[in-house]
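A short worksheet on the structure shown next.
Numbering (the working numbering), first residue to last: 157 to 355.
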């Protein structure tokens, strides 16, 4: 029962407790475990809550078929050219967190934009969001962390994991939510379930 719909494997203490996260059948390493929590605010900040990237590129060693390995870089690119770059090796220590045509933003909100604080003050406050779930239920207003942006951030994670497993870059149709001309990648979106589970 613990395996759920994942393929049957003999019991091993390493497949349960905290180390289950390192196996493709149950999670997807650090990216699969915590990726959506880190990527969701980035996606919001970039105004990408309503869309998915059109491609994902990976730079990684060949992955083991059963256990998740390391990766150097994963790059997501949106239709407008905006990119999210994940540095798996921690080599981009001095790089900007956000790099755009009008300037850069570094760790600790340090920026090379002259008079950034004054310029920020000229922008309107972001639209208020409901961050109290009970209030959202009572008022029937959309909760800040909702099924739409949650779906998009999980799509980011799964695109990266599929590209990582196949060890190749992929093109994605963000309208159909499927990879373009790649049957192997699309099979990983809806993996077969071991009975009695089904959808």
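Note that CB positions come from ideal geometry on N, CA and C, so glycine has one too. None of the values given here were measured: they were computed from a predicted structure.
Expected contact under 8 Å - CB spacing of residue i and residue j to nearest Å
i           : j           : result
residue 160 : residue 353 : 6 Å
residue 244 : residue 227 : 4 Å
residue 304 : residue 205 : 7 Å
residue 167 : residue 176 : With 8 Å as the limit, residue 167 and residue 176 do not qualify as a contact, their Cβ atoms being about 12 Å apart.
residue 262 : residue 252 : 5 Å
residue 296 : residue 164 : That pair is no contact at about 43 Å.
Range covered by the alpha helix (DSSP H) that runs through residue i
i           : result
residue 275 : 272-277
residue 313 : 303-322
residue 186 : 185-201
residue 344 : Per DSSP, residue 344 belongs to no alpha helix (DSSP H) and is neither H nor E.
residue 292 : 289-295
Cβ-based neighbour list, residue i, same chain, cut-off 6 Å, excluding 5 preceding and 5 following
i           : result
residue 285 : 300
residue 248 : none
residue 287 : 300
Bridge partners - residue i, DSSP secondary structure assignment
i           : result
residue 260 : 255
residue 326 : 212
residue 266 : 262
residue 179 : 223
residue 334 : 329
Own chain, CB closer than 8 Å to residue i, minus 5 neighbours either side, in chain order
i           : result
residue 158 : 172
residue 341 : 318, 319, 322, 326, 335
residue 238 : 202, 204
residue 200 : 305
Range of the contiguous beta strand (DSSP E) that encloses residue i
i           : result
residue 242 : 239-243
residue 210 : Where residue 210 is concerned, there is no enclosing beta strand (DSSP E), given that its DSSP letter is neither H nor E.
residue 108 : In this structure the chain extends from 157 to 355, so residue 108 is not present and cannot be described.
Close beta carbons around residue i, own chain, < 7 Å, minus the five adjacent residues each side
i           : result
residue 281 : none
residue 180 : 222, 224, 321
residue 258 : 269
residue 219 : 225, 320, 321, 323
Subject >> Three-pair Cβ contact test at 8 Å for the segment 228-243 versus the segment 205-220 >> reply: yes
Original post:
Does the pairing of the segment 305-318 with the segment 187-206 give three or more beta-carbon distances under 8 Å?
Top reply: yes
Original post:
Contact between the segment 168-175 and the segment 265-278: three or more CB pairs below 8 Å?
Top reply: no
Subject >> Inter-stretch contact (C-beta, 8 Å, three-pair minimum) for the segment 329-349 and the segment 218-226 >> reply: no
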